[in-house]
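Presented below is the structure to which this report refers.
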Amino acid sequence: MKTYLGDAIILPSSMLSEVRSLTELDFWPAIEKDHHGHLPGFEPFRANHEGGNMINRHLKALNKYTKPLYQETKHAVSDILTESTEWHEIRPSRDLTALVARTSARLFLGKELCRNQDWIRLSAAYTHTVFRAVQVLRQFPPILRPLANRYLSICKQTRAALKACRDFIRPHVDARNASKARAAAKGEPEPVYDDAIEWCQREYAADRDPADSQISLAMVAIHPTTDQLTETMTQIARHSELFQPLRDEIATVLGADGIHKTNLQNLRLLDSVIKESQRLKPVSVSNFRRVAVQDFTLSNGLRIHKGDNVWIDVAHMWDSQVWDKAEQFDPHRFVKLRGTEKDHISHLVSTSPEHTGFGHGRQACPGR
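Per full-length UniProt numbering, numbering through the sequence shown is continuous, rising by one, with the last residue being 368.
Shown next, in the form of structure tokens:
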């Protein structure tokens, strides 16, 4: 199929189980290819093979991050959505993006920087500019994109915005390194940091700019999470009968001893509402995008060549042969699957061939 990203091989969802774990297909080169990661100004999109594994390893200890994330979310909601009890307007594209950016920055940047208005402004400016530049460059043939990137105003703005982000982050990283060096010189324990700045320093190549790593993590987190939050809030607003049951569930589950990872798992109705919202409106028409890293042949005889784009669309999530009354929003759809033979696909964090909101297979969304 001819797409705005070039030729792509679109496989039916029935082949998802076959290709889900193939090492011949890779997600990260697809991101780099689709977003011009080889060009100056677009370096945060460069193939980041360590990223998913790094996030998976650290988020296995999610319980220690639950309370800090809750506290930051509470603070951000008060700041951004206000505590007004009167009806007032919010703009999801602006306000929910800011909310998600603040909350994710608590995990990625730590408490000291997550509320820093300069960083929030700079990272938001780069994110806004770079996605516009990505779209503009896609209008040019690949062979002309390096030249267009050099002279187009939007691309110059992108490079300037990235430089500003790098200039902001670098002194903070240098200060941390200096603090560690001083402690080591005195024979004292080094300061301990538990955020993505530290994770990236330990696990990424030394020549990868720390600002690029932070922006890369932020973009991966902010765009899909904001989309999911917006769609979920929209569905709840459309179905006002959910207000009280959701409030009652939250009060019952969290009221006894506060917020913990184990308690969150008992928010079954909320979990189902989010998953059903994602089923009806996923972040993309194809949440399984890969690039072939070597030649191979599928079981149906189709030959895939190195460099081919391979996609699987999400149309099966709207298919009534897969889901009962698939065109309807059923907030209890996944609650009803709990405790049945389909319990394993009933949780928001689970992926399956039937529900690919977070992708599927070995490179499904690591932050889910």
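Even for Gly, the Cβ is constructed at its ideal location relative to N, Cα and C.
Boundaries of the alpha helix (DSSP H) in which residue i is found, first to last residue
{"i": "VAL285", "result": "Taken as a continuous stretch (DSSP letters only), VAL285 belongs to no alpha helix (DSSP H), as it is neither H nor E."}
{"i": "GLY255", "result": "243 to 255"}
{"i": "TYR70", "result": "63 to 80"}
{"i": "LYS261", "result": "261 to 264"}
{"i": "CYS114", "result": "111 to 114"}
{"i": "SER17", "result": "16 to 19"}
Residues near residue i by beta carbon distance below 6 Å, same chain, minus five either side
{"i": "PHE358", "result": "THR351, ALA364, CYS365 and ARG368"}
{"i": "VAL253", "result": "ASN263, ASN266 and LEU267"}
{"i": "LEU96", "result": "THR226, LEU229 and THR230"}
Buried or exposed (CB count within 10 angstroms, at least 16 for buried), residue i
{"i": "GLU112", "result": "exposed"}
{"i": "ASP271", "result": "buried"}
{"i": "ASN149", "result": "buried"}
{"i": "THR234", "result": "exposed"}
{"i": "MET219", "result": "buried"}
{"i": "ASN300", "result": "exposed"}
{"i": "LYS74", "result": "exposed"}
{"i": "LYS281", "result": "buried"}
{"i": "MET317", "result": "buried"}
{"i": "THR3", "result": "exposed"}
{"i": "ASP195", "result": "buried"}
{"i": "ILE312", "result": "buried"}
{"i": "ASP212", "result": "buried"}
{"i": "TYR126", "result": "buried"}
Secondary structure of residue i, DSSP reduced to three states
{"i": "PHE45", "result": "helix"}
{"i": "ALA292", "result": "strand"}
{"i": "LEU25", "result": "strand"}
{"i": "LYS2", "result": "strand"}
{"i": "residue 369", "result": "Nothing in the structure corresponds to residue 369, since the chain is present only between 1 and 368."}
{"i": "THR297", "result": "strand"}
{"i": "ARG268", "result": "helix"}
{"i": "ARG362", "result": "coil"}
{"i": "ILE31", "result": "helix"}
{"i": "ARG333", "result": "coil"}
{"i": "ARG238", "result": "helix"}
{"i": "ILE90", "result": "coil"}
{"i": "ARG106", "result": "helix"}
{"i": "ARG303", "result": "strand"}
Residues of its chain near residue i, where Cβ-Cβ distance is below 7 Å and the 5 sequence neighbours each way are ignored
{"i": "ASP319", "result": "ALA326"}
{"i": "TYR70", "result": "ILE259"}
{"i": "GLN157", "result": "THR129"}
{"i": "VAL134", "result": "HIS35 and HIS36"}
{"i": "ARG333", "result": "SER272 and GLU276"}
Residue interval of the beta strand (DSSP E) (run including residue i)
{"i": "ILE10", "result": "6 to 11"}
{"i": "TRP323", "result": "It is not in any beta strand (DSSP E) - TRP323 carries neither H nor E in the DSSP assignment."}
{"i": "ASN309", "result": "309 to 312"}
Same chain, Cβ closer than 8 Å to residue i, five either side skipped, listed in chain order
{"i": "GLU32", "result": "HIS38, PHE45, ARG46 and ALA47"}
{"i": "GLN214", "result": "PHE108, LEU109, SER123, CYS165, ILE169, ALA196, ILE197 and CYS200"}
{"i": "LEU246", "result": "ILE236, LEU269, LEU270 and VAL273"}
{"i": "ALA160", "result": "none"}
Min CB distance residue i to chain E below 8 Å
{"i": "LYS33", "result": "This model lacks chain E altogether; it includes just one protein chain."}
Exercise for the section: List in chain order: all unbroken alpha helix (DSSP H) runs of 4+ residues lying wholly within the stretch 116 to 185. Expected result: 117 to 137, 145 to 151 and 153 to 185
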